[in-house]
Structure formats: C-alpha cells, structure tokens
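Trainee:
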Amino acid sequence: MLQIKNLTVSIHGKPIIKGLNLEVKEGEVHAIMGPNGSGKSTLASVIAGREVFDVDQGEISYMGKNIFDMPAETRAREGLFLGFQYPVEIPGVSIANFMRTAINEKRKYLGLDPMTGAEFLRLMEEKKKMVEIHSKLTNRSVNEGFSGGEKKKNEIFQMAMLEPRLAILDETDSGLDIDALKVVANGVNKLRKKDNATIVITHYQRLLDYIVPDFVHVLLDGRIIKSGNKELAMELEEKGYDWIKKETANDAV
Amino acid sequence: METTHTSLLKDKFLELYQKEQEAIRGQATPLVNRIRRNALARFRENGFPTTRQEHWRFTDLSPLLNTEFAFDFSNQSRNIDVDKIFTCDVYDLDTFSITLLNGWFVYKHAPLTRLADGTIIGSLAKAMEIYPAIVDQYIGKAAKTDQYEMAALNTAFLQDGLFIYVPDGVEVEKPVQLINIVNADHPVFLQPRHLVIAGKGAKLTLVHCDHSLTHNISFTNTVMELFAEQDAVVDHYKIQNKGRNSALVTNNFFHQKRNSRLSSNIITLNGGFTKNIMDVSISQPDCVSEHYGLYLVDSNQHVDNLVNIDHMAAQSRSDQLYKGILDDEATAVFSGKVLVRRHAQQTQAFQNNKNILLTDDAKANTQPHLEIYADDVKCSHGATVGQLDPEAMFYLRSRGLCERTARQMMMIAFANEVVQKISIEALQKRIQNMVEKRLKGELSICDQCVLHCNSKEPTTFNIDLSKL
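Chains as they are written, first to last, in the numbering used here: chain R, 1 to 253; chain B, 254 to 721.
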C-alpha cells in the first residue's frame, strides 16, 4: 500500500529525513517511535503533502502511484488521512459543512453522486457515537475553543467520516488523559479493516497498549534504526532511547 | 496643494450656488438656510479634502473630481415609476420601501406618509414644508460641518433625501428600506441628505441600499443625521453594491442619548470608490453603540472606512469590528478612533480591524486609535493585515478540499463574523448569499442591474422588468 524508498527530506536546506525506508501493507498497523526532533512529524507531513518541505531524494508510492504527482487534496481523495498533532482552529467554518464538503469532493473524484443531506446527517450521528462526541457539530466551528482532548477526538471523528485506506496518526495521544486516550484508541480499533492500514506516530508506549501494532520502528536522526514487533516498544519504554543509540553505535563498530 | 481641477470644481460649486440659489433654497426653513450659509462659508474656506488632512491621508479624491458633472437642483424623478427600473429581490423581507433616484425622492405613493402611530416617513424636502418644527429641532445638530469638508458641501446644497420621524414610545414594526439609485446617461454629482429621528423608547430598523444602474460616472456625497433619543433602539444597515465608475462618500452622524442602542452594519460588496464616515456622539450615559463593517473589493477598487466614536458620558459601550478581503490591486483604509472623555468613566470600547490580502498588490492601511482621558475604562484595539492562514489551508486540503474550495470556505467564514451580526434573518440570509456569490466570483454589479450586460449604452427608463 505504501512504499518509501531512500527518502531524504530537508527544510530550508537543513536535512531532517536522511534516507528512510518503510513498507506498509494492507491490514497492518505500524508504530513509529522516536524522540523529539527525530523526523516523525516531518515524515507524516511529507506523506500527507505539506509543501514547505523539500524532498531531495527517494520515492514514495501509495497504492502503486507516485505520491509526489498528487497534491494534498488528491492524496486525501485517494484515501490518505493525516491525524494532526496540532489540529488547526478555523473560526467560522462549521465541522458539519467542512465534512460534508470533504466527503462530496471525494465522492465527485471517485465518480459518485454527492451524499444527500439526510444521508450525511445519519452518517455523522453514527460516527459521533463511535468517538463519544455528544455536542451538536452543525453549529460548531472546526476545533474552535476545543480542549486538547476534544481536538483529538475530532480528528478521529473526521477519520471515521472519511474512511481512509491509510491513516497516519501524528502523536494523537499527546495531551490526552487516560479516558480520552481510550476513546481515541477505541475509535481507531473499530475502524481497522482487512484492507486498510494505520501508521501510529508516538513518543510513548502507552498508546500502544490500546492500539496494538504489528510493527514498531524506531526513528532516530532521520533514519529508521531498528524495527521489531510490539515487544520493541516495551523495551524502549523500559530502557529509553539512549539504549538504542548505544546499541546501534555498537553495531556500527 | 489643491490640484487645479479640484479648485475649479470648488469654484464651480460656489458659482452654482450663486446662480441657483433660489432653486436650492426651495421650501427649506429659514433655519436650514442659515445652516446652509454657514456650511457654504466652511466649504469656501476649506474646499475639498486633500490627502494632507488626517481623515483623508490614504484616500485621494482629486482624480474623481476631474469630470464635467451635471447637477439637478429640481426634482426630475418625482413622477417616475421606480418599480419599472428596479426591484429589490430580498425574499421574505417585508419593508416599508422608499426610493431615491439620483438623489431625489420618488413620489411613488406619497411624498410623506404618516402612519397611524404617528411615524412620518418620506421626503425631507416635503418634511421641511409640512413639519418644519421637527426638522428644525434636529437638522444640522449632529453633522459636524467644520470638521468634515464633504459634510459641509452637502449641507450647503441640501435639498432632499429621506426623512423619518418615530415618535416617543413607537416601535416601527417593518424595517424601513431606503433604496438609493443612480441612473443617468451623463456624469452626475448627487448630494442626498437624510434625517432620521427615533424618539424616546422608539424602535427603528433602517436598511439603506446603494445601487447604481449605470456604468456612467457618478459621484454621490451623502449626509445622514440620525438621532437616538433616550431608550431608543436603532438598527442601521448599509448595503453598497455600486458600479465601478461610481464614487460614494457617506457622512453619517449619529447622536445617542441615555440608554439608547445603536447598531450599524456596512456591507460594501462593490464600488469603484467608497468612503464611509461614521461619526458617533454618545452624549449621555448607558448607551450601546455597535459598528460593524465588511468590504470585499477587487480590481482597482478603493474603500475607506472612518469610524469616530466620542464617549462623552459614562457607562457606555462601543464596539467596532470591520473586516475586509482585498483581491487584485484593491486598496482599503480603516481608521477607527475612540475618544473617551474625562467624565466618561466605566466606558467599554473595543475596536478591531482585520484584513485579508489575496494578492501582493492589494493594500490595506489600518489605523486603530484610542484616546482616553478617563481612568476607569476597559478599552482595546487591534488590527491585522495578512493572508489566509496557510496551516488552515493545508488542514482543509488534507481532508480532500481543493485549494479553491478551501480558500472560499475560509473567506466566507472570515466574512460571516460580520454578516452574523445582522439581526433580520431574511436580510442576513440574503447578504450571506450575496457575500458567498461575491467571494465565488459570481456576483457582479450586473446581478442587481437591469442592464444585465456590460453595455456602455445610456440607460433609458423603459426596461421591461418582467424579463428579470
């Protein structure tokens, strides 16, 4: 589904990702872990199509297509979803109007008729329940005045509405209390299907107790330096990133 | 330095005044004629404003005055069937509607209507004849002709316009709608004059629409004096949708007494050149004064909003929110001044101007200004000039919205903050719709214009409206 080969990315001439390889197949959950500044969010942004970064080298193919041939909106319509680390507040744009427009632009791209108002409202009610959103969304602006937890729940709500093939969740757990974390993780688990995939980016192992990954990758200084299964996350939690730094340093010797 | 043609036009006005004095004075009251003479003296002294004046620093009138204008000092419009040339198409908006054509009152039903509750609505020229005592009690009391050059010019030549008198305790149920139409086959200079009085505890909603039905050059210099007596509630809306060759200067003087509430909302959708002056005097305590504005300009349009609020008395609140979206090479100016005098304790005054520039060539000048002499007040001001938030743009696009849709969605949201202040639902919906169409590039002056084309042919009055 997603293949990243030898990806090198910089911003304003400063290299951030330095030759990264990753393959994600249908039905898989991958966790990418790493300390601050290791390039996790940059990777997510580049896949989603944020334009401030320079891709110096390498390839990303998504569903067999070169991802760099598609602007951000086309990637989204092709089923890619980025759950933002810092969801943006957009005063005056109602969530309902935003989601309805997003769904219908995607449907148009796929050659489908737009969803009717009634269908849309039904879908919205269903997905709101899934992430335990109780407020009316029709008259609320996107993320405006939301608490940290509400913002993250809203990301998962949008993900549920758009039903992506590949979801990348960028530090969706940061700033969440344990109850909100469970709601978010529960939402992600319910959306798991045989033919979709999830990349979970996180600092901490905590989230991975609820969203159990098939693979764990450690990102350090722009490279994936170690991959393993969920035990690797536990080991990291226990021993810290210094352990892995030392281990890779020893390997190099 | 006054440019040559500006001083030539000034001389022309002074000459016209001499020549047409009798027609200009018409049936005006002796007091009005006295005010007129004083204003003329001011105009003779000060002439047209130049960019050296603080109020006009970023707005140069002189190129607009370089035209051979025609003037009408007698009412040529009174017998025109205005329904044949213009209908307002705001659905569900049930108003008491009156029309000014080229600055003159159109006598559609009657020049003056007196409703059962005592409310008088109609032509100012006629009101000076029939209700001179009411007119004399108010006219000229709010308009500051020594501070505002264009108000002096208007006052010197004042003849006709809208007159509304709402007696004490009367709530006018239907909004009064004033439709100001310019339609001439030659360049015209118009100076309508409006006088609006809301008595003690009276309630009035006024919708003021400025339209032009011609692509010809026109210059409209209007003065409105509005008095809100104790406990009065007045909502005032201005919708400006004018042709590219039209210049519009509106001088609005509002006078508020104890516990009155005034709300004004200026929506500028189109217009070659627009300058709105809002001068508000809060002379007694416990007033609320809200001023909202939205301007959407493109090509080389220019819009300038000046808001001056004078807090002379305690415990009042004023609120200003002006927002603009500027495309192409459009320019906008906002100057907001709040003066809180020494005795105006517990004043709350807020001022905000936000601009979005869609191109590198668009330009906004914003000057919020607070002048405070009282020590127990709550005041704030702010101004922003920027682009659409790129983070928000990416957020919308990352959900599948194309750049165009994302941009429109954000612009509409930006504008809606002002549109939502409109309390008449039908009007709010209509304006929201016009704003959305405007921002999607689907609204033009032609939307309202019976010509439905870009023809430069002179407009005649025999247009079949049934075809619209």
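From the three backbone atoms N, C-alpha and C, an ideal C-beta is built for every residue, glycine too. Since this is a predicted model, take the numbers as computed values, not measurements.
#1: Note down the Cα distance separating R289 (chain B) from D347 (chain B), rounded to an integer number of angstroms.
#2: At a CB distance below 9 Å, what residues from the stretch 651 to 676 of chain B approach chain R? Give them in sequence order.
#3: Going along the chain, which unbroken runs of the beta strand (DSSP E) with 3 or more residues stay wholly within the stretch 386 to 456 of chain B?
#4: Closest Cβ-Cβ distance between T248 (chain R) and chain B: below 8 Å?
#5: So which residues on chain R does A645 (chain B) lean against when the C-beta distance must stay under 9 Å?
#6: How would you label E105 (chain R), buried or exposed, when you count the other beta carbons within 10 angstroms and need 16 or more for buried?
#7: Give the residues of chain B in contact with G49 (chain R), contact being defined as C-beta atoms less than 9 Å apart.
#8: Which class does H564 (chain B) belong to by DSSP, given the choice of helix, strand or coil?
#9: Around the Cβ of D56 (chain R), are there at least 16 other Cβ atoms within 10 angstroms (buried) or fewer (exposed)?
#10: Interface residues of chain B around E105 (chain R) at Cβ under 9 Å?
#11: Comparing the C-beta of K709 (chain B) with each C-beta of chain R, is any distance below 8 Å?
#12: Does DSSP put R75 (chain R) in a helix, in a strand, or in coil?
#13: Run down chain B in chain order and give the residues with a C-beta less than 7 Å from the C-beta of A102 (chain R).
#14: Taking Cβ positions only, does R77 (chain R) come closer than 8 Å to chain B?
#15: When we look at the beta-carbon of S569 (chain B) and count the other beta-carbons within 10 Å, is it buried (16 or more) or exposed?
#16: Report the partner residues of V630 (chain B) according to the DSSP bridge assignment.
#17: Would A44 (chain R) pass as an interface residue toward chain B - the criterion being a Cβ-Cβ separation below 8 Å?
#18: Between the beta-carbon of A666 (chain B) and the beta-carbon of V88 (chain R), is there less than 8 Å?
#19: With 16 as the cutoff for other CB atoms within 10 Å, does R36 (chain R) come out buried or exposed?
#20: For G694 (chain B), count neighbouring C-beta atoms within 10 Å of its own C-beta (all shown protein chains included) and say buried if the count is 16 or more, exposed if not.
#21: What residues in its chain sit with their C-beta under 8 Å from that of Q640 (chain B), if we drop five residues either side in the sequence?
#22: In the DSSP assignment, the alpha helix (DSSP H) including T658 (chain B) goes from what residue to what residue?
#23: D532 (chain B) lies in the beta strand (DSSP E); which residues open and close that run?
#24: What does DSSP give as the partner residue(s) for E59 (chain R) in the beta ladder?
#25: Is the separation between the beta-carbon of K152 (chain R) and that of A180 (chain R) shorter than 8 Å?
#26: Check whether the stretch 407 to 426 of chain B touches the stretch 367 to 374 of chain B, counting contact only when three or more Cβ pairs, one atom from each stretch, lie closer than 8 Å.
#27: By the three-class DSSP mapping on this structure, what secondary structure does G27 (chain R) have?
#28: Look up C699 (chain B) in the DSSP assignment and say whether it is helix, strand or coil.
#29: Who does I625 (chain B) pair with in a DSSP beta bridge?
#30: Per DSSP, Y204 (chain R) is paired with what?
#31: Are the CB atoms of D195 (chain R) and E26 (chain R) within a distance shorter than 8 Å?
#32: Any beta carbon from chain B within less than 8 Å of L162 (chain R)'s own beta carbon?
#33: Using a C-beta cutoff of 8 Å, does K263 (chain B) count as contacting chain R?
#34: Excluding the five sequence neighbours on either side, which residues of its own chain have a C-beta within less than 8 Å of the C-beta of I317 (chain B), listed in chain order?
#35: With a threshold of 16 other CB atoms inside 10 Å of the CB of I4 (chain R), please say whether the residue is buried or exposed.
#36: Evaluate contact between the stretch 450 to 459 of chain B and the stretch 393 to 409 of chain B, counting only Cβ atoms and requiring at least three cross-stretch pairs below 8 Å.
Mentor: Quick answer:
#1: 36 Å
#2: S651, R652, G653, L654, C655, E656, T658, A659, M662, M663, I665, A666, F667, A668, N669, E670, Q673
#3: 415 to 419, 429 to 435, 441 to 443, 446 to 451
#4: no
#5: V88, E89, I90, V93, V142
#6: buried
#7: F647, R650, S651
#8: strand
#9: exposed
#10: R652, G653, L654, C655, T658
#11: Unreliable placement is indicated for K709 (chain B), whose pLDDT of 37 sits below 50; no coordinate value is reported for it.
#12: helix
#13: R652, G653, L654
#14: yes
#15: buried
#16: Looking at the DSSP assignment, V630 (chain B) forms no beta bridge with any residue, so it has no partner.
#17: no
#18: Between A666 (chain B) and V88 (chain R), the gap from beta carbon to beta carbon reaches 8 Å or more.
#19: In the sequence as displayed, the identity of residue 36 (chain R) is Asn instead of Arg. N36 (chain R) is exposed by the Cβ-count criterion.
#20: By the neighbour-count rule (16 or more Cβ atoms within 10 Å), G694 (chain B) is not buried but exposed.
#21: I609, L610, L611
#22: 656 to 672
#23: 526 to 535
#24: R:K5
#25: yes
#26: These segments touch.
#27: coil
#28: With a pLDDT of 44 at C699 (chain B), under the threshold of 50, the predicted position of this residue should be treated as unreliable, though the coordinate-derived value follows. Of the three classes helix, strand and coil, the one that applies to C699 (chain B) here is helix, per DSSP.
#29: B:V593
#30: For Y204 (chain R), which the question treats as bridged, DSSP gives no partner whatsoever.
#31: yes
#32: Flagged as an interface residue toward chain B: L162 (chain R), by a C-beta distance shorter than 8 Å.
#33: no
#34: Strictly speaking, residue 317 (chain B) in this sequence is Leu, with Ile absent from that position. Here the set comprises F472, A500, F526.
#35: With 16 or more Cβ atoms within 10 Å of its Cβ, I4 (chain R) is classed as buried.
#36: no
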